[in-house]
Every structure is written in C-alpha cells, then in structure tokens.
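Take a look at the structure below.
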Amino acid sequence: LDKENFVFIDDGQANTDLNGYQVLSYTNFINNSKADKRVTIAIANSQVREKLVARLNQDGVQHLEIQAANTVILDEVEIGEGSLLCPFTCLTSNIKIGKFFHANIYSYVAHDCVIGDYVTFAPGVKCNGNIHIEDHAYIGTGAVIKQGTPDKPLVIGKGAIVGMGAVVTKSVPAGVTVVGNPARILEKK
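Per the working numbering, the sequence shown runs over residues 78 to 266.
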C-alpha cells in the first residue's frame, strides 16, 4: 500500500489533517476522481461498522484487510474480509474468524476458536482455545476468556459485552454485559 494516498474519512473533522494525513468528508472521498478506493473501518462499535460497510458496498468501495507487520498468524487460520489486526496480535492454529473483525494491540486468539462477524477485541484480550464468539460481541481491554473443550466450547453470545479486565469462566448469554473476576452479568438498574 502506498501511504502517499492515505486519507481519513470523517465528516466531523473534514478539511483538516490528522497524524499527517488529510481528512475528507465521505462525500468528498466518494467524489474524488482517483479510481482506486479501498478502506478499512477503524471504529469499535460493531453496529456502526456494519452500517458503514453497507454504505461502502453500495458505493462500490473495496475493503482492505490490514495486519501489522508483527502480527503472528500460525496455521489453518481463516480470516474474513475487512479485518483489522493491530500490532502484536497473535492468532494460533485452527481458527475461523468472520468479516470485519478488529483485534487491537496485544490481542491473542488460541487454537480451535470460531469468531463471528463484526467482533471487536479491545487491547490485550486473551481468548483461549475452544471458544466460540458470536457476531457483534465486544471484548473489553485485558479480558481473559477461559478455555473451552472440543466437545463443549465456551460461547460468548451474539452482541454480548465482556467488560475490561473481566475473567470469563463460563459461557455468556447473547446481549448481556459481564464484568468482574469471575465475570458476572451486570444487572440493569
């Protein structure tokens, strides 16, 4: 990739510079005469990310798979389109990852894991072996997920949120937030 042509797309900061790169509005990006338009979406909110993917697809924009040079990927790892693997991410063996996955710095995924679409790992997540993480789950900074077994993987349900520093020792139902050590469901008040 040629960094000379990198830009940020942000309607709220359009016509400025960010980290030495030009910031364009979405409209200006789409109307730019350069034919090669490829993006990665660096937004942790999976619902927003999915909406942006639909908009980009409608406008015919290609999705980049980004991985830092020091990302470690071992054998038999499938990664869906639009993934973003930050520095020091490690993916071991026999892993299947869906589309538009984000793994922030120092994230780790062990053997025999299945990760759905639009899943976000904040920095320092440790996902041990035989874990199934369903679509739109968010795993907070420093969370640790205990290993499952081949016949009974530990499951993080669709849209679940695992709070920062949580130690997950059992499956998490869809749509709930868990926090603490051991992780417990955070009751809404």
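We put the CB at the ideal spot given by N, CA and C, even for glycine.
Review point. Can you tell which of Gly252, Val154, Lys223 has the C-alpha that lies nearest to the C-alpha of alanine 243?
Key: Answer by Cα proximity: Lys223.
**Study point:** Limits of the unbroken alpha helix (DSSP H) element including threonine 104
**Key:** 103-108 is the span of the alpha helix (DSSP H), which, as asked, contains threonine 104.
Review point. Quick one, are the C-beta atoms of leucine 161 and threonine 117 less than 9 Å apart?
Key: Leucine 161 is a Cβ neighbour of threonine 117, given a cutoff of 9 Å.
Point to revise | Inter-stretch contact at 8 Å, needing at least 3 Cβ pairs: the region 135-147 / the region 84-100 | key: No, the region 135-147 does not touch the region 84-100.
Exercise for review: Within the region 224-263, note down every full alpha helix (DSSP H) run reaching 4 residues or more, in order along the chain.
Suggested key: Fully enclosed alpha helix (DSSP H) runs of 4 or longer: not present.
**Study point:** Residues bridged to cysteine 167 (per DSSP)
**Key:** Cysteine 167 pairs with Val149, Tyr185.
Exercise for review: Report buried or exposed for leucine 151, applying the criterion of at least 16 other Cβ atoms within 10 angstroms of its Cβ.
Suggested key: So leucine 151 ends up on the exposed side.
Practice item. Could you tell me whether the region 180-188 touches the region 104-111, where touching means 3 or more Cβ pairs closer than 8 Å? Key: Not touching, per the Cβ criterion.
**Study point:** Alpha-carbon to alpha-carbon, glutamate 211 and glycine 234
**Key:** Roughly 5 Å between the two C-alpha positions.
**Study point:** Opening and closing residue of the alpha helix (DSSP H) in which lysine 114 lies
**Key:** Element bounds for lysine 114: n/a, residue is neither H nor E.
Review point. What are the boundary residues of the beta strand (DSSP E) that valine 84 is part of?
Key: Per DSSP, the continuous beta strand (DSSP E) segment holding valine 84 begins and ends at 84-86.
Check your understanding: Can you give the beta carbon distance from isoleucine 172 to alanine 199, rounded, assuming they're within the 8 Å contact cut?
Key -> Contact flag wrong, Cβ pair sits at about 19 Å.
Check your understanding: From this set, Ile143, Gly236, Lys203, which residue's C-alpha is nearest glutamine 124's C-alpha?
Key -> The shortest CA-to-CA distance from glutamine 124 to any of Ile143, Gly236, Lys203 is the one to Gly236.
Practice item. Kindly indicate which residue of Val239, Leu141, Ile86 has the alpha-carbon position closest to the one of histidine 213. Key: The candidate whose alpha carbon is nearest that of histidine 213 is Val239.
Exercise for review: Could you tell me whether the Cβ atoms of valine 221 and valine 245 are closer together than 9 Å?
Suggested key: Going by C-beta atoms, valine 221 is nearer than 9 Å to valine 245.
**Study point:** In DSSP terms, what lysine 203 is bridged to
**Key:** Residue pairing from DSSP places lysine 203 in a beta bridge opposite Tyr185, Val221.
Review point. In or out: isoleucine 192 buried (at least 16 other Cβ within 10 Å) or exposed?
Key: Classification for isoleucine 192: buried.
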